[in-house]
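Accompanying notes for the structure given below.
Residue numbers (my numbering): 1 to 562.
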């Protein structure tokens, strides 16, 4: 029997000797493999996920109201929104897509024509136009503007934070729509686009006055051209907030909000939560500090300049600059007031919202799913991938998916009857209800169902009716005049009255029902309040009339029995 001699060496020493026998190249391969696994999860790469699905992409998820005419007439015709999105295989990460857009972008050449717009407070806004002729001709020495009778659609673009018309994603959108034949105007924020600050007013995520003034100006200058608007990132938050503030009073007939932060308070917590998100926080802060340095003369006088210089995160900058300029107590107060989520329910124009679930800046936690579903004017499109404004597609990554989606949506909306029908309905309801019920103390229900207000001053229409009607009634030449053609008086000593026509109850109730239907569409709460007020005010009369009617019925019954 063979005997094995036990070694006196420690097992750890044996393991160390065995480790030295492994080639260094194997260690290097193992290190690279572990590094790849770490980066694959850290950067959120989804290449193998796309590979296992056969590079077909993920379907686009649409959220809308079940009674939404916008989906039936417009979105259902958009192949992009009803299809799938597949990102560029070598950019299959939200962080890589976002960084590639920022540093490379592959934007087309846009020959903008600049127009300087002066606001009432002395501010200066740079409006950069891109028309079809600007795409075809490389350079035009003088910008002669757009003809006032031009009926071509105008698209207003609101850029993101510290972005202007020179940003890559703005150029992708502007070039696409201008090549389609639209007139594109980029409304740069104050102090951006190479324009100096000429007032003590700065832009922020809650500042909707500048878009309001620009849109009103464009609507006045080009009344025959339909106005559309597209907001991107912070610009999307500003656009949705503006649409909610204006309601039916806006001149915009259709809009799109791309990668909106929705709730700034939630996004602020999100970009400070993980290590990778802090990179974006620092990058945004550097952009804000560069913007502040361009206008140091004004900002140092109005804000805490030392705090701005020492700011490391966006919250620090907002605390030392944005909050102070907005005259708010805390940063959280500013974030709550600036968030557009609470304004979604008041949006009255067709609106397309696009958000990526893997957006590294605007988290999916802030997406208002229920609010968008409750509003029949909004369609929310969400994708599994895309990053923040990235959405590169194709092998060469020369195009952005959301640009193609916005192009299809706006063109389909412009060719549909939805925007015209919405304008007619809004105008009819507002003119009949707001001007009459809300502003006048007394109302009058006409035979055609319209609600008008009594006034001491006769209008031109009433005066014309009073002047024309008696001419037809006074054919006999006896000098008698009728009041609205209903009653005539004889000038003889014996005055005779024509028998009053019997009151047709159905004819009277028809305009009343029409008015009540209009009021019920406007607000169901107003209907219940009106019914309650009517019951309370008429109860004394009804309470005394009901017993008398019952007594008469009882007397008739007893008289028949006798």
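No residue lacks a Cβ here, since even glycine has one placed at the ideal position from N, Cα and C. As the structure is a computational prediction, the values presented were derived from the model and not from experiment.
Rank the options by C-alpha distance to the C-alpha of residue i and give the top, closest one.
i	options	result
residue 238	357, 298, 259	259
residue 376	409, 40, 241, 347	347
residue 105	319, 173, 307, 367	173
residue 47	91, 337, 95	91
residue 413	36, 78, 16	78
residue 157	130, 148, 137	130
residue 373	57, 28, 24, 67	67
residue 359	337, 283, 384, 342	384
residue 302	327, 283, 282, 289	327
residue 43	95, 10, 297	95
residue 345	248, 294, 365	248
residue 181	136, 145, 100	136
residue 283	336, 361, 193, 357	361
residue 99	279, 118, 186	279
residue 337	198, 208, 148	208
residue 71	245, 101, 378, 34	378
residue 342	245, 415, 329, 271	245
residue 407	58, 177, 28	177
residue 404	80, 382, 386	80
residue 41	380, 415, 275, 370	275
residue 167	352, 296, 319, 232	232
residue 199	306, 19, 121, 39	121
residue 369	57, 58, 50, 262	262
residue 57	396, 386, 415	386
residue 113	134, 388, 102, 12	134
residue 415	73, 24, 27	73
residue 371	64, 218, 195	64
residue 268	234, 195, 218	234
Grab me the residues of residue i's own chain with a C-beta within less than 8 angstroms of its C-beta, minus the 5 sequence neighbours each way, in chain order.
i	result
residue 55	86, 89
residue 150	183, 222, 224, 225
residue 82	60, 62, 75, 76
residue 398	106
residue 216	251
residue 308	289, 292, 299, 317, 320, 321
One question on the structure: do residue i and residue j come within less than 9 angstroms of each other, judged by their Cβ atoms?
i	j	result
residue 45	residue 93	yes
residue 241	residue 340	yes
residue 264	residue 252	no
residue 390	residue 97	yes
residue 350	residue 418	yes
residue 304	residue 292	no
residue 410	residue 175	no
residue 255	residue 334	no
residue 281	residue 314	yes
residue 332	residue 162	no
residue 310	residue 318	no
residue 330	residue 270	no
residue 115	residue 145	yes
residue 392	residue 101	yes
residue 169	residue 352	no
Could you tell me which residues DSSP pairs with residue i in its beta bridges?
i	result
residue 85	58
residue 74	DSSP output for residue 74 lists no bridge partner at all.
residue 392	400
residue 567	No statement about residue 567 is possible, as the shown extent of the chain runs from 1 to 562 and does not include it.
residue 129	113, 185
residue 348	BP columns for residue 348 are empty, so no partner.
residue 230	157, 256
residue 378	351
residue 64	379
residue 356	383
residue 118	124
I'd like the list of long-range same chain contacts for residue i, defined as Cβ closer than 7 angstroms, with 5 residues on each side in sequence excluded.
i	result
residue 203	189, 190, 210
residue 171	107, 108, 110
residue 118	124
residue 286	none
residue 148	221, 222
residue 152	181, 182, 183, 225
Using C-beta distances below 6 angstroms, list every residue in its chain close to residue i, excluding the 5 sequence neighbours before and after it, in chain order.
i	result
residue 164	188, 192, 193
residue 365	266
residue 185	127, 129, 156
residue 354	258, 381, 402
Open item on the list: Quick check on the DSSP output: what are the complete alpha helix (DSSP H) runs of length 4 or more inside the stretch 158–217, in order along the chain?
Closed with: Runs of the alpha helix (DSSP H) lying entirely within the stretch 158–217 and spanning at least 4 residues, in chain order: 168–179.
- [ ] Write down every uninterrupted run of the alpha helix (DSSP H) in the stretch 279–316 whose length is 4 residues or greater and which is fully enclosed by it, in chain order.
- [x] 296–302, 305–309
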